[in-house]
Amino acid sequence: PHTPGGKVPTTAAKAAEAKGGGAGAAAGDEEQQDFTSCMFCGVSDKAWNENDLDVHYWKDCPLLISCPSCAQIVEIAGLPEHLLDEC
Numbered sequence: 031p032h033t034p035g036g037k038v039p040t041t042a043a044k045a046a047e048a049k050g051g052g053a054g055a056a057a058g059d060e061e062q063q064d065f066t067s068c069m070f071c072g073v074s075d076k077a078w079n080e081n082d083l084d085v086h087y088w089k090d091c092p093l094l095i096s097c098p099s100c101a102q103i104v105e106i107a108g109l110p111e112h113l114l115d116e117c
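Residue 31 is where the sequence shown starts when you use this note's numbering, and the numbers rise one by one after that.
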């Protein structure tokens, strides 16, 4: 689930991509709306909703970090590329 520059798509961005006809938009819409597991660290919680997953990305996911320059949430592995190319 790596994105260019290590950007972390928010659940809202993933939902917009699905509505826009992105890859797997026809039969895959149901899967893209699953907010109960983190696509980065694999943690899951059946009680999570879209907001809870975003909070996990922001506060708790051990594979994500807030960019020290712009505060965007990015994958730790993609931080150097983010800082050089996008920030």
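Don't be surprised by glycine CBs; every beta carbon is placed ideally from N, CA and C. Computed from a predicted model, the values in this text were never measured in an experiment.
Practice task
Evaluate CYS100 with the Cβ neighbour count: other Cβ atoms within 10 Å of its Cβ, from every protein chain shown; 16 or more gives buried, anything less gives exposed.
Solution key: exposed
Practice task
Could you say if the segment 62-79 and the segment 106-115 meet the contact criterion of at least three C-beta pairs nearer than 8 Å?
Solution key: no
Practice task
Helix, strand or coil for VAL85, going by three-state DSSP, please let me know.
Solution key: helix
Exercise for the section: Could you spell out the range, first to last residue, of the alpha helix (DSSP H) harbouring GLU111? Expected result: 109-115
Exercise for the section: Take LEU83 as the anchor and find which of ASP64, CYS97, GLU105 and VAL104 has the nearest alpha-carbon. Expected result: ASP64
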